[in-house]
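Notes to accompany the following structure.
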Amino acid sequence: MEVEGSEHVHRTGIWRPIWSSSRSRWLQACPRRYILQYVAGRGGRVAHDKPRRWLWRQGRWAPPHELMLRAVRDTLRKWMFEAHAGVLWTLPTARDMMEDEFSRTLESQNIEMGRLQKRLQRSRSLHHTPSEDVIEKILQQGNLILRRAYNHPLLGELLKCGFHGEWQPLDPFTTTKTASGTAYLTPDLIIKGPQRWVLIRLSTNAWKVEPDDVGIVESAGMLLWAINEPTLPVKAEEYEIARISHTEMGWRTWRIPAHQRMLEDARVLIKADINAARQLIIKAGPDLDIDIVPLSEKEWRCRTCGYRFNCPGGSNLHRAKTQQMASEIAMQTASA
Ligand code: SF4
511 MEVEGSEHVH RTGIWRPIWS SSRSRWLQAC PRRYILQYVA GRGGRVAHDK PRRWLWRQGR
571 WAPPHELMLR AVRDTLRKWM FEAHAGVLWT LPTARDMMED EFSRTLESQN IEMGRLQKRL
631 QRSRSLHHTP SEDVIEKILQ QGNLILRRAY NHPLLGELLK CGFHGEWQPL DPFTTTKTAS
691 GTAYLTPDLI IKGPQRWVLI RLSTNAWKVE PDDVGIVESA GMLLWAINEP TLPVKAEEYE
751 IARISHTEMG WRTWRIPAHQ RMLEDARVLI KADINAARQL IIKAGPDLDI DIVPLSEKEW
811 RCRTCGYRFN CPGGSNLHRA KTQQMASEIA MQTASA
């Protein structure tokens with residue numbers, strides 16, 4: 511069992527890819543960002559090597575609204591664990607925790623950006639602190655999401671210590687060993703239903719209630735966690751997979767019965783991603799030549815990317831891609 515951010519630290523010093531749904535998405539969306547955060551920044555916040563730690567933190571940069579969603583998610587997790595232990599929180603307790611966490615992460619992110627500005631020797635500030643009004647509005651949204659969770663038929667019952675069935679909140683930052691490698695697959699919650707176990711992923715930031723095709727396969731990864739657990743059934747058919755996500759309309763549930771084919775699909779996805787990550791590293795070479803790693807496909811991704819200040823894609827993606835292509839052609843011509 512490993513903690514998020516420490517996953518690439520191995521006694522041998524060899525980098526091994528770890529699968530998670532966000533890594534999977536970044537691998538496709540921007541291989542450069544994947545390499546910067548998960549390979550060059552390996553070891554994460556606990557890396558002894560300062561540049562690695564900086565890179566990891568830089569990759570964690572997020573706009574204030576996203577920081578609020580992370581704070582809500584973390585608060586809900588802590589709240590669930592307390593409720594499961596029989597400790598009853600009030601809504602104001604949860605709200606205070608969310609607001610504290612939001613303020614702390616916003617401040618530490620601003621400090622990090624100040625340090626980055628010095629390292630890059632930029633005269634202009636790399637961040638601007640949102641005004642009190644903007645922060646107030648963001649926090650109001652966070653409070654609304656918590657209030658809606660409190661009033662949700664299932665989440666509310668769990669949070670109010672009123673659920674009488676068998677359930678368990680889990681830490682999604684623990685890893686699972688699969689045949690292809692290590693992966694983050696642990697659900698946020700497991701509940702024993704009348705017929706099946708329900709594996710639930712909580713999401714504070716969903717575009718829509720139903721996940722896309724890849725999202726369904728990612729959710730099926732929870733099955734791999736479940737069948738590895740000694741106290742749980744080994745057959746996929748004994749589970750349902752579910753996502754309870756917060757959308758503009760409030761908390762909504764998507765759930766489907768699981769079957770063996772989903773397990774296979776999840777295994778195939780994880781294997782393909784881990785192989786693609788290895789190929790990317792081989793392409794970058796032993797010195798991790800970041801300049802030859804492909805940039806983002808879409809410009810909008812660069813707008814909120816923590817590496818946009820020192821990645822050429824961040825200032826002009828189109829120009830950066832053209833230059834990268836030109837140097838690839840020049841290298842091919844030179845070696846022909
Ligand atoms: S700035 Fe754009 S191209 Fe560069 S790492 Fe970020 S998303 Fe990728």
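All residue numbers for the sequence shown refer to our numbering, where the first residue is 511 and numbers rise by one. Built from N, CA and C at the ideal position, the CB exists for glycine as well.
Alpha carbon to alpha carbon, how far is residue i from residue j?
| i | j | result |
| --- | --- | --- |
| Ala-595 | Gln-619 | 32 Å |
| Met-511 | Leu-695 | With a pLDDT of only 32 at Met-511, under 50, the local geometry of the prediction cannot be trusted, and no value is derived from it. |
| Arg-777 | Ala-550 | 26 Å |
| Trp-536 | Arg-543 | 7 Å |
| Gln-833 | Asn-826 | 11 Å |
| Lys-647 | Trp-599 | 24 Å |
| Tyr-574 | Ile-751 | For the sequence presented, residue 574 should be read as Pro rather than Tyr. Cα to Cα, Pro-574 sits roughly 31 Å from Ile-751. |
| Arg-521 | Thr-741 | Per-residue confidence for Arg-521 stands at a pLDDT of 40, beneath the threshold of 50, marking its modelled position as unreliable; the derived number appears in the next sentence. Between Arg-521 and Thr-741, the C-alpha separation is close to 31 Å. |
| Thr-763 | Glu-622 | 37 Å |
| Gln-547 | Thr-692 | 17 Å |
| Ala-786 | Ser-531 | 14 Å |
| Glu-592 | Lys-702 | 19 Å |
| Met-590 | Asn-661 | 14 Å |
| Ile-884 | Pro-721 | In the structure as shown, the chain begins at 511 and stops at 846. Residue 884 is therefore absent and cannot be evaluated. |
| Leu-654 | His-637 | 27 Å |
| Lys-808 | Gly-795 | 25 Å |
| Asp-799 | Ile-792 | 10 Å |
| Asn-820 | Arg-562 | 15 Å |
| Gln-789 | Gly-823 | 22 Å |
| Glu-611 | Ala-716 | 21 Å |
| Asp-559 | Gln-631 | 21 Å |
| Met-732 | Arg-765 | 13 Å |
| Val-708 | Tyr-749 | 6 Å |
| His-674 | His-828 | 56 Å |
| Pro-682 | Asp-698 | 6 Å |
| Met-607 | Ile-545 | 33 Å |
For residue i, write down the residues that DSSP places opposite it in a beta bridge.
| i | result |
| --- | --- |
| His-756 | Trp-761 |
| Pro-679 | Leu-699 |
| Lys-687 | Thr-692 |
| Trp-529 | Ala-693 |
Which residue wins for smallest C-alpha separation from residue i, given the options the options?
| i | options | result |
| --- | --- | --- |
| Pro-663 | Thr-684, Arg-771, Ser-633 and Trp-761 | Trp-761 |
| Lys-687 | Ala-593, Pro-704, Leu-734 and Gln-705 | Leu-734 |
| Gln-650 | Met-578, Phe-591 and Arg-788 | Met-578 |
| Arg-753 | Leu-546, Leu-827, Arg-657 and Pro-767 | Pro-767 |
| Trp-810 | Arg-818, Pro-804 and Val-803 | Arg-818 |
| Trp-564 | Asp-584, Gln-627 and Ala-539 | Gln-627 |
| Glu-739 | Asp-606, Ile-700 and Ala-846 | Ile-700 |
| Asp-584 | Ala-604, Ala-572 and Thr-684 | Ala-604 |
| Ser-690 | Arg-526, Ala-836, Ala-581 and Lys-781 | Lys-781 |
| Trp-571 | Lys-831, Thr-814, Gly-666 and Asn-820 | Thr-814 |
| Ala-830 | Leu-805, Glu-838, Thr-843 and Ser-845 | Leu-805 |
| Val-724 | Gln-538, Trp-525 and Ile-528 | Gln-538 |
| Trp-685 | Ile-528, Val-744 and Ala-844 | It is worth fixing the name first, because residue 685 is Thr in this sequence and not Trp. Minimum Cα distance to Thr-685 is reached at Ile-528. |
| Met-759 | Glu-774, Arg-658 and Ala-746 | Arg-658 |
| Thr-714 | Gly-624, Ala-730 and Thr-757 | Thr-757 |
| Arg-634 | Gln-770, Gly-624 and Ser-837 | Gly-624 |
| Lys-745 | Ala-730, Gln-770 and Arg-765 | Gln-770 |
| Glu-774 | Ile-545, Val-719 and Glu-728 | Glu-728 |
| Met-841 | Met-772, Pro-602, Ile-802 and Ile-784 | Ile-802 |
| Ala-581 | Pro-602, Leu-601, Gln-568 and Leu-616 | Leu-616 |
| Arg-526 | Leu-712, Gly-816 and Arg-552 | Arg-552 |
| Arg-706 | Glu-676, Ile-726, Lys-718 and Val-719 | Glu-676 |
Is the Cβ of residue i closer than 8 Å to any Cβ of chain C?
| i | result |
| --- | --- |
| Ser-618 | Among the chains in the structure shown there is no chain C, since it carries only a single protein chain. |
Practice problem: Closer than 5 Å is what we want: which residues have a beta carbon that near any heavy atom of the ligand PLP? List them in chain order. | Solution: Of the ligands one can find in the structure shown, namely the ligand SF4, none is the ligand PLP.
Quiz item: Could you give the uninterrupted runs of the alpha helix (DSSP H) lying entirely in the stretch 693-776, keeping only those of 4 residues or more?
Solution: 723-738
Quiz item: Unbroken alpha helix (DSSP H) runs of length 4 or more, entirely within the stretch 569-638: which are they?
Solution: 574-594 and 601-629
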